[in-house]
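Single-structure report; data block below.
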DNA sequence: TCCTTATATAGATAAGTTTCTATATACATT
DNA sequence: AATGTATATAGAAACTTATCTATATAAGGA
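Protein chains in written order, with our numbering: chain A, 115 to 221; chain B, 115 to 221.
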């Protein structure tokens with residue numbers, strides 16, 4: 115029981131940072147490599163690396179390596195429906211109070 | 115845009131602590147005064163007071179004073195549907211992966 | 001083989017969070 | 001009025017987090 119509060123808190127905590135919310139938002143348009151993601155932010159490459167680790171550690175994001183590049187994407191398969199729903203809340207353009215996605219152009 | 119990530123992160127952050135998840139879980143059974151809430155936890159009264167402040171500051175919980183007592187309840191009216199849904203995820207016994215609520219008895 | 005490039009890791013620092021003890025506030029009761 | 005009780009606030013300690021710089025790793029191309 116206690117354990118469930120802990121586990122859920124960990125996943126929710128991973129989403130409780132503005133930069134990581136934005137990363138989730140960006141990845142909702144499809145996979146991106148680290149260097150592309152980095153262009154959306156003012157922080158450094160190691161900081162992005164840290165954020166991606168947090169998102170991967172709790173299963174929200176997965177990584178596919180190809181040569182020098184790391185391609186990140188939302189790990190929908192691994193996310194339980196609760197987290198998926200929250201991600202949709204944040205990323206779904208049409209049904210979104212926060213309008214976070216409105217300034218992104220998905221290709 | 116930036117602002118929305120910040121605002122959403124603040125609300126999500128308020129829910130990213132195991133103790134506060136449990137408080138939300140307990141309040142899903144109905145309003146409780148601080149001293150009743152406190153019995154579920156091992157921390158002190160000022161610590162509970164801190165957690166309630168965090169939950170109230172972002173609008174998840176509201177407080178009704180009656181004499182010496184402070185009655186806390188989930189502020190469903192003020193919560194937008196996104197947050198409500200996440201609270202349901204955590205608190206709804208029948209449709210809940212986390213099963214957080216299973217050990218609570220609502221009267 | 002050497003250099004460049006993409007990403008990860010190590011370690012430090014500054015800021016934020018959770019918790020505590022001590023104390024204040026404010027209402028109730030005697 | 002004095003005392004007791006429920007809650008809030010202040011301030012400090014311990015821990016965690018976000019960020020940085022410097023460096024390591026590992027793959028590709030000259």
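All residues carry an ideal CB built from backbone N, CA and C; glycine is no exception. Quick caveat, the model's predicted, so the values are computed rather than measured.
Please report the distance separating the alpha-carbon of residue 167 of chain B from that of residue 180 of chain A.
By 1-based counting over the second chain, the position of residue 167 of chain B is 53. By 1-based counting over the first chain, the position of residue 180 of chain A is 66. Cα-Cα distance, rounded: 47 Å.
Would you list the one or two residues that DSSP bridges to residue 187 of chain A?
To locate residue 187 of chain A, count along the first chain from 1; it is residue 73. According to the DSSP secondary-structure assignment, residue 187 of chain A is paired through a beta bridge with A:176.
Q.
Considering just the uninterrupted stretch of the alpha helix (DSSP H) at residue 142 of chain A, what are its terminal residues?
A. Your numbering for residue 142 of chain A matches position 28 in the first chain. Run containing residue 142 of chain A: none; DSSP gives neither H nor E here.
task = List the endpoints of the continuous alpha helix (DSSP H) containing residue 226 of chain B.
result = This structure gives no information on residue 226 of chain B, because the portion of chain B shown stretches from 115 to 221.
Shorter than 9 Å from the beta carbon of residue 220 of chain B to some beta carbon of chain A?
In the second chain, residue 220 of chain B corresponds to position 106, counting from 1. Its pLDDT being 46, under 50, residue 220 of chain B is placed unreliably by the model, and nothing is read from it.
Once the 5 residues before and after residue 128 of chain B are set aside, which same chain residues still bring their CB inside 7 Å of it? Here residue 128 of chain B refers to the residue found at position 14 of the second chain. Contacts found: 134, 168, 169, 172 and 174.
Review point. For a contact meaning CB atoms closer than 8 Å, what does residue 152 of chain B contact in chain A?
Key: Counted from its first residue, the second chain places residue 152 of chain B at position 38. Think of a sphere of 8 Å around the beta carbon of residue 152 of chain B: no beta carbon from chain A falls inside it, the nearest being about 17 Å out.
- Item | chain B contact residues for residue 127 of chain A, given Cβ-Cβ distances below 7 Å | In the first chain, residue 127 of chain A corresponds to position 13, counting from 1. Listed along the chain, the chain B residues whose CB falls inside 7 Å of the CB of residue 127 of chain A are 130.
Between which two residues does the alpha helix (DSSP H) carrying residue 152 of chain B extend?
-> One-based indexing of the second chain puts residue 152 of chain B at position 38. Under the DSSP assignment, residue 152 of chain B falls in the alpha helix (DSSP H) whose first and last residues are 148-152.
Subject >> Distance between beta carbons of residue 126 of chain A and residue 130 of chain B, contact taken as under 8 Å >> reply: One-based indexing of the second chain puts residue 130 of chain B at position 16. One-based indexing of the first chain puts residue 126 of chain A at position 12. With 8 Å as the limit, residue 130 of chain B and residue 126 of chain A qualify as a contact, their Cβ atoms being about 4 Å apart.
Worksheet item: Does the beta carbon of residue 133 of chain B come closer than 9 Å to any beta carbon on chain A?
Response: The residue you call residue 133 of chain B lines up with position 19 of the second chain. Contact of residue 133 of chain B with chain A is assigned, a C-beta pair being separated by under 9 Å.
Original post:
Going by alpha carbons, who is nearest to residue 188 of chain B out of B:124, B:140, B:164 and B:122?
Top reply: The residue you call residue 188 of chain B lines up with position 74 of the second chain. With distances taken between Cα atoms, residue 188 of chain B lies closest to B:140.
- prompt: Does any C-beta atom of chain B lie closer than 9 Å to the C-beta of residue 120 of chain A?
  reply: Within the first chain, the letter at position 6 stands for residue 120 of chain A. The beta carbon of residue 120 of chain A falls within 9 Å of a beta carbon belonging to chain B, placing the residue at that interface.
Report task. Measure the Cβ-Cβ separation of residue 123 of chain A and residue 132 of chain B and say whether it is below 9 Å. Result -> Along the first chain, read from residue 1 onward, the residue named residue 123 of chain A stands at position 9. Along the second chain, read from residue 1 onward, the residue named residue 132 of chain B stands at position 18. Contact: yes.
- Contacting residues, own chain, Cβ-Cβ under 7 Å from residue 152 of chain A (five flanking each side not counted): Taking the first chain and counting its residues from 1, the one referred to as residue 152 of chain A is at position 38. Closer than 7 Å at Cβ, skipping near neighbours: 159 and 162.
>> Counting only C-beta atoms, is residue 171 of chain B closer than 9 Å to chain A at any point?
In response: Here residue 171 of chain B is taken as the residue at index 57 of the second chain, counted from 1. So, not an interface residue.
If we cut at 9 Å on Cβ distances, does residue 139 of chain B have a partner in chain A? The count along the second chain starts at 1 and reaches residue 139 of chain B at position 25. Yes, residue 139 of chain B lies at the interface with chain A (some Cβ there is under 9 Å from its Cβ).
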